[in-house]
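Residue numbers (UniProt numbering): 1 to 109.
Everything below concerns the one structure shown next.
This is the structure in structure tokens:
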């Protein structure tokens, strides 16, 4: 597979993953579902924990273009509710590089 096709396929995968993550994040934000790191937490909190872990894995990507792309999608998805998203992400994912990039991009200017 040539490099161009590989990159195209990678970005299409990232785009699809990004929209799924945005939808999950939206559900967590709007329902104030907090991650739980205990086994006796609610199912919703355990799922939120899993999603936070997925954000962590995605944020470890060494391609700045991928992180920027996902950050742009989160900002686009949040729309006028971006401050609500930032507040939720700060409380639950504050040290996450993807959150930090979302914050940088959303608050610049």
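Even glycine gets a Cβ: it sits at the ideal position worked out from N, Cα and C.
Small disclaimer: the values here were computed from a predicted structure and weren't measured.
Distance, residue j Cα to residue i Cα
i           : j           : result
residue 102 : residue 74  : 7 angstroms
residue 37  : residue 2   : 42 angstroms
residue 57  : residue 104 : 20 angstroms
residue 64  : residue 89  : 20 angstroms
Selected residue, minimal CA-CA separation from residue i, among the options
i           : options           : result
residue 23  : 37, 76 and 100    : 76
residue 108 : 82, 47, 95 and 19 : 82
residue 106 : 14, 51 and 80     : 80
Neighbour-count burial assignment, residue i, 16 or more Cβ in a 10 Å radius
i          : result
residue 8  : exposed
residue 59 : buried
residue 91 : exposed
residue 96 : buried
residue 20 : exposed
residue 18 : buried
residue 43 : exposed
Contacts around residue i, its chain only, beta-carbon distance under 6 angstroms, and the 5 residues preceding and following it disregarded
i          : result
residue 66 : 14
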